[in-house]
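Numbering (this note's numbering), first residue to last: 105 to 263. Heads up, the beta-carbon is just placed ideally off N, CA and C, and yes, glycines get one too. Just so we're clear, the structure is a prediction, and the values are computed from it rather than from any experiment. What follows is a set of notes on a single structure, which appears directly below.
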Amino acid sequence: MRARALLLATLTGGAVVLTGCGDDTPDTAPTARVQAGNQTVEVQPTQYCLGGEGQRYQVTPPIVEVEADSTITLRVDPAVAERGWSVQVFDDQLEETIGTVDVEADTTTFTGINSSDVVPAAFYLVLVEDSVDDQCDGLSGAWPIGFVRAGGDLTAPAG
């Protein structure tokens with residue numbers, strides 16, 4: 105619960121200080137990729153444990169317009185897949201969690217979400233790296249992406 109509250113604070117611009125992370129990370133935070141229809145978008149993390157310290161990044165999540173009933177393909181770095189990850193589904197304001205989709209261990213490419221699976225026409229998916237309790241106070245990498253189907257309206261949260 106604490107990690108989710110801190111993740112939300114980070115995504116929505118709240119102040120978070122991250123300390124105590126492991127130092128087995130590369131020199132730069134990995135990006136993720138999302139593909140829906142003919143669009144492919146690179147996604148920057150909002151937070152990541154890097155070089156032994158938690159990093160918070162001021163980024164605006166990309167917003168992808170999708171047709172109804174479109175497969176959403178999510179790709180993460182192999183190091184993220186090795187640690188494990190899931191997809192958190194949020195409302196159009198990135199405030200309320202609608203659900204969580206578990207991703208099988210060691211999966212770099214996930215196609216288990218369809219644009220019509222989420223009830224609101226505008227929503228966010230947040231790729232969340234599994235945390236390690238003794239690193240970064242339980243925090244982990246997070247990559248948010250907004251999606252809009254016909255009839256939806258989505259604006260990026262202030263950050």
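Rounded to whole angstroms, the separation of the alpha carbons of Leu-178 and Gln-151 is 18 Å. Residues of the same chain with a CB within less than 7 Å of the CB of Thr-175, apart from the 5 flanking positions on each side, are Thr-215, Asn-218 in chain order.
When Asp-181, Phe-227, Thr-164, Arg-187 are compared, the shortest CA-CA separation from Ala-133 is found for Asp-181. Runs of alpha helix (DSSP H) with 4 or more residues, each lying fully within the region 136 to 224, are found at 182 to 187, listed in chain order. Check the Cα spacing between Leu-231 and each of Gly-141, Glu-146, Val-145, Trp-189: the tightest is with Trp-189. By the neighbour-count definition (other C-beta atoms within 10 Å, threshold 16), Gln-192 is a buried residue. The C-alpha of Glu-146 lies about 20 Å from the C-alpha of Asp-234. Counting along the chain, the unbroken beta strand (DSSP E) around Leu-229 starts and ends at 226 to 233. In this structure Phe-194 touches Tyr-228 by the C-beta definition: roughly 4 Å separates them, less than 8 Å.
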